[in-house]
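Enquirer: These protein sequences, in sequence, are chains A, B, C and D. For the first sequence, the working numbering gives the first residue as 8, with consecutive numbering after it. For the second sequence, the working numbering gives the first residue as 8, with consecutive numbering after it. For the third sequence, the working numbering gives the first residue as 8, with consecutive numbering after it. For the fourth sequence, the working numbering gives the first residue as 8, with consecutive numbering after it. Just so it is clear, CB atoms sit at the ideal spot from N, CA and C, and this is done for glycine as well. The structure displayed is predicted, hence computed values, not measured ones. Shown below is the structure under consideration.
4 protein chains.
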Amino acid sequence: MTELRTAYDEKLESILRTAASIFAEKGYHQASIRDIARATRVSLSGLYYYFNSKEELLFLIQDHAFGTLDETLDRLLEGVEDPHRKLRMVVENHLRYFVGNMAEMKVLSHEAGSLTGEYRDRVNARKRRLTERVMGILEELQPDNGIDLRAATFSLFGMMNWLYNWYRPDRDVAVERLAEDMSRLFLGGFLQRDDSGVPAAAMEAAPGEQNPSIWRTQAE
Amino acid sequence: MTELRTAYDEKLESILRTAASIFAEKGYHQASIRDIARATRVSLSGLYYYFNSKEELLFLIQDHAFGTLDETLDRLLEGVEDPHRKLRMVVENHLRYFVGNMAEMKVLSHEAGSLTGEYRDRVNARKRRLTERVMGILEELQPDNGIDLRAATFSLFGMMNWLYNWYRPDRDVAVERLAEDMSRLFLGGFLQRDDSGVPAAAMEAAPGEQNPSIWRTQAE
Amino acid sequence: MTELRTAYDEKLESILRTAASIFAEKGYHQASIRDIARATRVSLSGLYYYFNSKEELLFLIQDHAFGTLDETLDRLLEGVEDPHRKLRMVVENHLRYFVGNMAEMKVLSHEAGSLTGEYRDRVNARKRRLTERVMGILEELQPDNGIDLRAATFSLFGMMNWLYNWYRPDRDVAVERLAEDMSRLFLGGFLQRDDSGVPAAAMEAAPGEQNPSIWRTQAE
Amino acid sequence: MTELRTAYDEKLESILRTAASIFAEKGYHQASIRDIARATRVSLSGLYYYFNSKEELLFLIQDHAFGTLDETLDRLLEGVEDPHRKLRMVVENHLRYFVGNMAEMKVLSHEAGSLTGEYRDRVNARKRRLTERVMGILEELQPDNGIDLRAATFSLFGMMNWLYNWYRPDRDVAVERLAEDMSRLFLGGFLQRDDSGVPAAAMEAAPGEQNPSIWRTQAE
DNA sequence: TATGAATGAGGCTTCATTCAT
DNA sequence: CATGAATGAAGCCTCATTCAT
Chain A
8 MTELRTAYDE KLESILRTAA SIFAEKGYHQ ASIRDIARAT RVSLSGLYYY
58 FNSKEELLFL IQDHAFGTLD ETLDRLLEGV EDPHRKLRMV VENHLRYFVG
108 NMAEMKVLSH EAGSLTGEYR DRVNARKRRL TERVMGILEE LQPDNGIDLR
158 AATFSLFGMM NWLYNWYRPD RDVAVERLAE DMSRLFLGGF LQRDDSGVPA
208 AAMEAAPGEQ NPSIWRTQAE
Chain B
8 MTELRTAYDE KLESILRTAA SIFAEKGYHQ ASIRDIARAT RVSLSGLYYY
58 FNSKEELLFL IQDHAFGTLD ETLDRLLEGV EDPHRKLRMV VENHLRYFVG
108 NMAEMKVLSH EAGSLTGEYR DRVNARKRRL TERVMGILEE LQPDNGIDLR
158 AATFSLFGMM NWLYNWYRPD RDVAVERLAE DMSRLFLGGF LQRDDSGVPA
208 AAMEAAPGEQ NPSIWRTQAE
Chain C
8 MTELRTAYDE KLESILRTAA SIFAEKGYHQ ASIRDIARAT RVSLSGLYYY
58 FNSKEELLFL IQDHAFGTLD ETLDRLLEGV EDPHRKLRMV VENHLRYFVG
108 NMAEMKVLSH EAGSLTGEYR DRVNARKRRL TERVMGILEE LQPDNGIDLR
158 AATFSLFGMM NWLYNWYRPD RDVAVERLAE DMSRLFLGGF LQRDDSGVPA
208 AAMEAAPGEQ NPSIWRTQAE
Chain D
8 MTELRTAYDE KLESILRTAA SIFAEKGYHQ ASIRDIARAT RVSLSGLYYY
58 FNSKEELLFL IQDHAFGTLD ETLDRLLEGV EDPHRKLRMV VENHLRYFVG
108 NMAEMKVLSH EAGSLTGEYR DRVNARKRRL TERVMGILEE LQPDNGIDLR
158 AATFSLFGMM NWLYNWYRPD RDVAVERLAE DMSRLFLGGF LQRDDSGVPA
208 AAMEAAPGEQ NPSIWRTQAE
């Protein structure tokens, strides 16, 4: 009962993939439709048969990527009850997809703000849904850690989404290990009790607190 | 015997601040020099008295921001021996500067790849130095956690640098609390022993491991 | 079985002709691409479909002109053995082309230094080839005149290339007469024996020789 | 009874010399006032004390150069009666000045058309005067050569003015020899009788005469 | 489906020149 | 005499997009 994939679909997806890698390399705004025409070996005007505007192209890439991410996550979480395990699935799904599709990952993480209007709204809706899902799992874990939930959620996403800035498959640990490390890193911190073993002295605030201006660009 | 700040310096810095906020808002490539002229109330050509190219302007913003970040960090770490406390200082410094200068933060985090040539090299050198400093502190902590050091380091930076994507001063916890939470989150996970209390079952890999293709965009 | 001249080729050549006349009139650097757009009735950006830069446009004009010049010269010299006659052909070819295409002539003669990089190299190569051809012919004439060959060659080119500074078809002698006159002028001088009839007294150097500083701008 | 040369005069002349060499190197329109400020080590605005506009600067250079050229020519021709010798003086004067002041020579020869309005008129008047002077000398020689006088005059100027396109002091014959060669070249041709020794066959026109279109760019 | 040719809008930058000091 | 700071005009070029075929 597979979907019917027409020649059109295949060509579109091939264009999306190629465009994603170009957007990843040069950035959305730096990349020109001409770059994409060159790389796809489709004529400039020919591309417009597959999308109506450059922005729609970006949307299609992001939406498609999110669709894949969502779908696999749904499948992975099916029947899982333990929130620890759920979180582990989330992290693994995220990282696996990112490492397996580094171009899409970068476009997703870095070109978040490049969409406008309805395109942006639709992608944002997907993002919010994922965020809430993760926040829900963290809540389920019911930790007595005193950490702000929103901060915790986005810290986790930050760890993962920042990946495109540093991860190099040929040099860094494999994705399985990465998922393991990040899960442990995050859960270890998140699950600790409030009176954790971290020496209290280390937690004292910096002196700047009394003089916050040292962190601020001089005002006019 | 303070530094000599000429009128020129002051005007330049004021331009840098204004430009940073515009770059933060629209993105470096989306922002036009005209936008900056309008906002600074300097004529288009008049701006070029203060920098030689748009890219140099971006460089000046990033370099100046990094300079401030570096300097305060040096001051904060002076005389500190305990690595726990050192890390706390790093996190606090980073977050305070970012929250106090959200425009610069975004430009620093998001426009990393917009520089080229020597400009990029010089900023990268600063980044590398900071990264190594943090990695050094993490090493000092001598954890028996089995976590890859590079992954841990960049996870921490990811948590912090992602801030510009979600943090809203009027809605989120104050920066002090944020620094506290992130420090605990990270240190709690990083300092745990290998046989931590996290249930083993949660750590089992996802089934996808055996079929990684579900995370991969269909190849051509 | 003539060459295939597409509509594209024809339009390009028409643009080259129009551009040549504008460059001739205002000078390459003074002419703006807008001027050319206006004259060709093609939009500013539309022009860039036919060339990649203003400099390439200049190159195309010069290269095309030199191509024509070379080709007809080849045809004219075919089978000609007598060096006197060869030289006459060179002069006639040069002057005819120049008078028939005064815009191209001026661009060729006056905008020699406006090309850079590879464009310049390629045009220079053509120039060198023509120069050597002429120098070869002069050598063939084996004159016993004691005149420096390089000086003689460039004197001939100077006579001809300077044309654009003074020649006015409506006021000056026709091109046939011009070719005749210049050929005789040059050959008459070039072929004379060393002990020509010019009174020796006239050849005595000017007194300035003993005090060359009268011809020199005062040094600092 | 020398002229009074104030400090102002000296600085102005030094600026003119420097500007001439910059104009010679990059071309008048390519050179910016900034280039001249840099080379003269005078501030941009400071230069405007010495001239009122870039065009006036060019005029001053050309006028000054022509003044020198004229003055020395006057002195050289004083008391000379023999037209052969007069011509020799003209050539020698021209070439000596040019070789001794290659920058000024190039500006004079190449930037003829860069002046407009009254500036152009004044320089043109000097040019016309010199041209007529030379044409007068040629007339005096009363040759029975059948060569158009205007063509002959400008051929001579062409030989000399083209110098800047090829002459290189370190590689070519010295200026004395050059003057000798060009004088003989020109006079030899100019003074010959109509029935000169050049084989008649060599003088036959090229076949193109009957089909002039081979020298013409295809008309639209 | 696909493309060659074309365009209006807009971007960055340079320039000659000015003016208050 | 000299300059630092500033500006309006203009230049080259690129871009996303369209339309007739």
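Going along the chain, which unbroken runs of the alpha helix (DSSP H) with 4 or more residues stay wholly within the stretch 29-79 of chain C?
Expert: DSSP runs (the alpha helix (DSSP H)) wholly in the stretch 29-79 of chain C: 40-47 and 51-54.
Enquirer: What's the C-alpha gap between residue 147 of chain A and residue 70 of chain B?
Expert: In the first sequence, the residue the question calls residue 147 of chain A occupies position 140. In the second sequence, the residue the question calls residue 70 of chain B occupies position 63. Going from the Cα of residue 147 of chain A to the Cα of residue 70 of chain B covers about 43 Å.
Enquirer: Looking only at C-alpha atoms, which of C:117, C:126 and C:16 sits nearest to residue 62 of chain C?
Expert: Taking the first residue of the third sequence as position 1, residue 62 of chain C is located at position 55. Checking every option, the nearest Cα to that of residue 62 of chain C belongs to C:126.
Enquirer: Chain A beta carbons: is any one of them nearer than 8 Å to that of residue 180 of chain B?
Expert: As a first step, residue 180 of chain B is located in the second sequence; it is residue number 173 there, counting from the start. By this cut-off, residue 180 of chain B is an interface position.
Enquirer: Any chance you could list the alpha helix (DSSP H) runs of at least 4 consecutive residues sitting entirely within the stretch 131-168 of chain D, in chain order?
Expert: Within the stretch 131-168 of chain D, the complete alpha helix (DSSP H) runs of at least 4 residues are 156-168.
Enquirer: Checking contacts by CB at 8 Å: is residue 197 of chain B closer than that to chain A?
Expert: The count along the second sequence starts at 1 and reaches residue 197 of chain B at position 190. Yes, residue 197 of chain B lies at the interface with chain A (some Cβ there is under 8 Å from its Cβ).
Enquirer: Taking the alpha helix (DSSP H) that residue 88 of chain D belongs to, which residues open and close that run?
Expert: Start at 1 with the first residue of the fourth sequence, and residue 88 of chain D comes out as number 81. Premise fails: residue 88 of chain D is in no alpha helix (DSSP H) and is neither H nor E.
Enquirer: Along chain D, which residues have their Cβ under 9 Å away from the Cβ of residue 119 of chain C?
Expert: As a working mapping, residue 119 of chain C is identified with position 112 in the third sequence. Within chain D, the residues near residue 119 of chain C are 172.
Enquirer: Would you call the CB atoms of residue 116 of chain D and residue 171 of chain D closer than 8 Å?
Expert: As a working mapping, residue 116 of chain D is identified with position 109 in the fourth sequence. As a working mapping, residue 171 of chain D is identified with position 164 in the fourth sequence. The answer is yes: Cβ separation under 8 Å.
Enquirer: Whose C-beta lies closer than 7 Å to the C-beta of residue 27 of chain C among residues of the same chain, with five residues either side of it excluded?
Expert: For the purposes of this step, residue 27 of chain C is identified with residue 20 of the third sequence, where counting begins at 1. Excluding residues within five positions, the ones whose Cβ falls inside 7 Å are 68, 110, 111 and 114.
Enquirer: Taking a contact to mean a Cβ-Cβ separation below 8 Å, would you say residue 196 of chain A touches residue 185 of chain B in this structure?
Expert: As a position in the first sequence, residue 196 of chain A is number 189, starting the count at 1. As a position in the second sequence, residue 185 of chain B is number 178, starting the count at 1. No.
Enquirer: Give me the Cα-Cα distance between residue 136 of chain B and residue 166 of chain A, rounded to the nearest whole angstrom.
Expert: Here residue 136 of chain B refers to the residue found at position 129 when the second sequence is read from its first residue. Here residue 166 of chain A refers to the residue found at position 159 when the first sequence is read from its first residue. Their backbone Cα atoms lie some 20 Å apart in a straight line.
Enquirer: Any beta carbon of chain B sitting closer than 8 Å to that of residue 168 of chain A?
Expert: As a first step, residue 168 of chain A is located in the first sequence; it is residue number 161 there, counting from the start. Interface residue, yes.
Enquirer: Among residues of its own chain, excluding the 5 on either side of residue 83 of chain D, which ones have a beta-carbon nearer than 7 Å to its beta-carbon?
Expert: As a working mapping, residue 83 of chain D is identified with position 76 in the fourth sequence. Closer than 7 Å at Cβ, skipping near neighbours: 96 and 100.
Enquirer: Using a Cβ cut-off of 8 Å (strictly closer), state whether residue 86 of chain D contacts chain C.
Expert: For the purposes of this step, residue 86 of chain D is identified with residue 79 of the fourth sequence, where counting begins at 1. Chain C contact via Cβ: absent.
Enquirer: I'd like to know whether the C-beta atoms of residue 79 of chain C and residue 47 of chain C end up nearer to each other than 8 Å.
Expert: Numbered from 1 along the third sequence, position 72 holds the residue referred to as residue 79 of chain C. Numbered from 1 along the third sequence, position 40 holds the residue referred to as residue 47 of chain C. No.
Enquirer: Looking at residue 180 of chain D: is its Cβ nearer than 8 Å to the Cβ of residue 106 of chain D?
Expert: Here residue 180 of chain D corresponds to residue number 173 of the fourth sequence, with the count starting at 1. Here residue 106 of chain D corresponds to residue number 99 of the fourth sequence, with the count starting at 1. No, Cβ-Cβ distance for residue 180 of chain D and residue 106 of chain D is not below 8 Å.
Enquirer: Please report the distance separating the alpha-carbon of residue 64 of chain C from that of residue 19 of chain C.
Expert: For the purposes of this step, residue 64 of chain C is taken as the residue at position 57 of the third sequence. For the purposes of this step, residue 19 of chain C is taken as the residue at position 12 of the third sequence. If you take the alpha carbons of residue 64 of chain C and residue 19 of chain C, they lie about 10 Å apart.
Enquirer: On a Cα-Cα basis, can you pick out the residue from A:15, A:120 and A:198 that is closest to residue 56 of chain A?
Expert: Along the first sequence, one-based indexing puts residue 56 of chain A at 49. Looking at the Cα atoms, A:15 is the closest of the given residues.
Enquirer: When we look at the beta-carbon of residue 153 of chain D and count the other beta-carbons within 10 Å, is it buried (16 or more) or exposed?
Expert: Position 146 of the fourth sequence, counted from the first residue, corresponds to residue 153 of chain D. The residue in question, residue 153 of chain D, is exposed, as its Cβ has fewer than 16 Cβ neighbours within 10 Å.
Enquirer: Cutting at 8 Å between CB atoms, please list the residues of its own chain near residue 142 of chain D, excluding the five before and the five after it.
Expert: Within the fourth sequence, numbered from 1, the residue matching residue 142 of chain D stands at position 135. So the qualifying residues of the chain are 156, 157 and 160.
Enquirer: Hey, how far is the Cα of residue 199 of chain C from the Cα of residue 187 of chain D?
Expert: As a first step, residue 199 of chain C is located in the third sequence; it is residue number 192 there, counting from the start. As a first step, residue 187 of chain D is located in the fourth sequence; it is residue number 180 there, counting from the start. Answer to the nearest angstrom: the Cα atoms are 14 Å apart.
Enquirer: Determine which residues of the stretch 122-156 of chain D have a Cβ less than 7 Å from any Cβ of chain C, and write them out in chain order.
Expert: From the stretch 122-156 of chain D, only 154 and 155 have a Cβ closer than 7 Å to chain C.
Enquirer: Which residues of chain A have a Cβ atom closer than 7 Å to the Cβ of residue 184 of chain B, listed in chain order?
Expert: Taking the second sequence and counting its residues from 1, the one referred to as residue 184 of chain B is at position 177. Ordered by position in chain A, the residues that pass the 7 Å Cβ test against residue 184 of chain B are 155.
Enquirer: Output the boundary residues of the alpha helix (DSSP H) element that contains residue 201 of chain A.
Expert: Stepping through the first sequence from its first residue, residue 201 of chain A is reached at position 194. Per DSSP, residue 201 of chain A belongs to no alpha helix (DSSP H) and is neither H nor E.
Enquirer: If we ignore side chains and look at the alpha-carbon of each, how far apart do residue 66 of chain D and residue 54 of chain D end up?
Expert: Counted from its first residue, the fourth sequence places residue 66 of chain D at position 59. Counted from its first residue, the fourth sequence places residue 54 of chain D at position 47. Cα to Cα, the separation comes out at about 15 Å.
Enquirer: Determine the contact status of residue 122 of chain D and residue 104 of chain D, defining contact as a CB-CB distance below 8 Å.
Expert: Counted from its first residue, the fourth sequence places residue 122 of chain D at position 115. Counted from its first residue, the fourth sequence places residue 104 of chain D at position 97. Contact flag unset, no.
Enquirer: What's the gap between the Cα of residue 60 of chain C and the Cα of residue 22 of chain C?
Expert: Translated into positions along the third sequence, residue 60 of chain C becomes position 53. Translated into positions along the third sequence, residue 22 of chain C becomes position 15. Spanning the two alpha carbons is a distance of roughly 14 Å.
Enquirer: How would you call residue 102 of chain D, buried or exposed, if buried means at least 16 neighbouring beta carbons within 10 angstroms?
Expert: Taking the fourth sequence and counting its residues from 1, one reaches residue 102 of chain D at position 95. Under this definition residue 102 of chain D is a buried residue.
Enquirer: Would you please verify whether the beta carbon of residue 189 of chain B is less than 8 Å from any beta carbon of chain A?
Expert: Taking the first residue of the second sequence as position 1, residue 189 of chain B is located at position 182. Yes, residue 189 of chain B lies at the interface with chain A (some Cβ there is under 8 Å from its Cβ).
Enquirer: Beta-carbon of residue 18 of chain A versus every beta-carbon of chain B: anything under 8 Å?
Expert: Working through the first sequence from its first residue, we reach residue 18 of chain A at position 11. No, because no Cβ of chain B sits closer than 8 Å to the Cβ of residue 18 of chain A.
Enquirer: Just how far apart, CA to CA, sit residue 89 of chain C and residue 151 of chain D?
Expert: On the third sequence, position 82 is the one that residue 89 of chain C refers to. On the fourth sequence, position 144 is the one that residue 151 of chain D refers to. Those two C-alpha atoms are separated by around 27 Å.
Enquirer: Around the C-beta of residue 98 of chain C, are 16 or more other C-beta atoms found within 10 angstroms, so that it is buried, or is it exposed?
Expert: Here the question's residue 98 of chain C lines up with position 91 in the third sequence. When all chains shown are included, residue 98 of chain C counts as buried.
Enquirer: In chain D, which residues lie with their C-beta within 7 Å of the C-beta of residue 161 of chain C?
Expert: Counting from 1 along the third sequence, the entry for residue 161 of chain C is found at position 154. Simply 169 and 173.
Enquirer: Starting from residue 11 of chain B and walking both ways along the alpha helix (DSSP H), at which residues does that stretch end?
Expert: On the second sequence, residue 11 of chain B is found 4 positions in, with the first residue counted as 1. Where residue 11 of chain B is concerned, there is no enclosing alpha helix (DSSP H), given that its DSSP letter is neither H nor E.
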